[in-house]
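Going down the list, the sequences are from chains A and B. Quick note on numbering: this note's numbering labels position 77 of the first sequence as 77, and the sequence is numbered without any gaps. Quick note on numbering: this note's numbering labels position 97 of the second sequence as 1097, and the sequence is numbered without any gaps. Structure first, commentary second.
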Amino acid sequence: DVKVTQSSRYLVKRTGEKVFLECVQDMDHENMFWYRQDPGLGLRLIYFSYDVKMKEKGDIPEGYSVSREKKERFSLILESASTNQTSMYLCASSRTGIREQYFGPGTRLTVT
Amino acid sequence: GESVGLHLPTLSVQEGDNSIINCAYSNSASDYFIWYKQESGKGPQFIIDIRSNMDKRQGQRVTVLLNKTVKHLSLQIAATQPGDSAVYFCAENIDTGFQKLVFGTGTRLLVSP
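Dropping the structure here:
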C-alpha cells in the first residue's frame, strides 16, 4: 500500500512564525502536491512538484513556498504565518499523471 | 449537488438504498473526471474516474455518469452501506501548461442503519 505521511496531525502556531509542514511518500512517486482544505471550499492546490527540485505554483501560492530536495519528501513552508492560513493541509502524491493521487491524513494548522 | 459556499450539501439515505451524488463541472476541455471519497479524519481516496469520451463507467458498486451537454457528473452507489458515509468530491483535470486537478466543494453522504 502507498503510504503518505505528514509530520503532524495538529499544529498551533503564532502569527508571524515560520512554519514547516513535512510530507513523505514511500512509493517512489514522481509527483507531489500540497492542498489546503477549508469548509465549503473543497481542496485548493497550493503548489505541486513533478520532479526533484522542481516546483510549480498552484491556484493559491501566496504566502507559501515549497521545497523538494529528495524525491520522497515535499515540504510546505509558511514564511510568516497569518490567521487566514488556519486550515487543513493535505499532501498527496501520484506515480505518473495526476488522476489517482494518494493523500496523507492531513495537518490541521491553527494560527493564533 | 455541489455548490460554492460554506454549507456542505448533505445526502441522507438508508442502508441498502442506492445513492446518487451530483456534480457540475466548468471546464469543457477536461480530459477526465474523477471521484474521491474522504472519510472523517482521513485524506481523500480515489474511487473511480471517467474519460471525457465516455458517458458511463462502472466499478465495484459504483457507477459514474457523464453528461457533457449539461456539464454534469454523477456518482451512483448501489446498496449503500454505513461504511460509505463520507464526503465525496468530484474533480476535473485542467491543463494550464501543467496538468492539475480542480476539486469540487464536496457532498456529505450519511447512511443510516
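Even for Gly, the Cβ is constructed at its ideal location relative to N, Cα and C.
DSSP places Gly1083 of chain B in the helix class (H, G or I) of the three-state scheme.
Pairing Tyr102 of chain A with Trp34 of chain A gives a Cβ-Cβ distance that is not under 8 Å.
Judged by pairs of C-beta atoms under 8 Å, the segment 1010 to 1019 of chain B does not touch the segment 1049 to 1063 of chain B, as fewer than three such pairs exist. When rounded, the separation of the alpha-carbon atoms in Ile1020 of chain B and Ser82 of chain A is 39 Å.
Taking Gln1081 of chain B as the centre and dropping the five residues before and after it, the same chain places the C-beta of Glu1015, Val1111 closer than 7 Å to its C-beta, in chain order. Of all alpha-carbon atoms in A:Gln37, A:Gln6, A:Asn31, A:Tyr64, the one lying nearest the alpha-carbon of Gly1106 of chain B is that of A:Gln37. Between Lys53 of chain A and Glu72 of chain A, the C-beta gap is not smaller than 8 Å, which leaves the two residues out of contact. Taking all protein chains in view, the Cβ of Val1102 of chain B is crowded by 16 or more other Cβ atoms within 10 Å, so the residue is classified as buried. Scanning its chain for C-beta atoms nearer than 8 Å, with the 5 sequence neighbours on each side dropped, one finds around Asn1018 of chain B the residues Gln1076, Ile1077, Ala1078, Ala1079, Thr1080, in chain order. Closest in alpha carbon position to Ser94 of chain A, among B:Lys1037, B:Lys1100, B:Gln1058, is B:Lys1100. Residue-level contact check: Phe103 of chain A touches chain B, since one or more beta carbons of chain B fall below 8 Å from its beta carbon. Scanning its chain for C-beta atoms nearer than 7 Å, with the 5 sequence neighbours on each side dropped, one finds around Ser8 of chain A the residues Thr107, in chain order. Judged by DSSP secondary structure, Ala1029 of chain B falls outside any beta strand (DSSP E); it is assigned neither H nor E. Taking each of A:Glu100, A:Leu109, A:His29, A:Gly104 in turn and checking the Cα distance to Asp1049 of chain B, the smallest one comes out for A:Glu100. Of all residues in the segment 1083 to 1111 of chain B, only Phe1089, Asn1093, Phe1098, Gln1099, Lys1100, Leu1101, Phe1103, Gly1104, Thr1105, Gly1106 place a beta-carbon less than 7 Å from a beta-carbon of chain A.
When Cβ-Cβ separations below 8 Å define contact, Pro61 of chain A makes no contact with chain B. Its Cα nearest to that of Glu62 of chain A, the residue A:Leu78 stands out among A:Phe74, A:Lys3, A:Leu78. Counting only runs of 3+ residues, the beta strand (DSSP E) found wholly inside the segment 1038 to 1067 of chain B occupies 1045 to 1051, 1056 to 1058, 1062 to 1067, in chain order. Taken through DSSP and simplified to helix, strand or coil, Thr83 of chain A comes out as helix.
Between Pro1113 of chain B and the set B:Val1062, B:Thr1096, B:Gly1083, B:Glu1092, the nearest pair of CA atoms involves B:Gly1083. DSSP, reduced to helix, strand and coil, places Tyr10 of chain A within a strand of the structure shown. Your pair Ala92 of chain A and Val4 of chain A checks out as a contact, with CB atoms roughly 7 Å apart and the cut at 8 Å.
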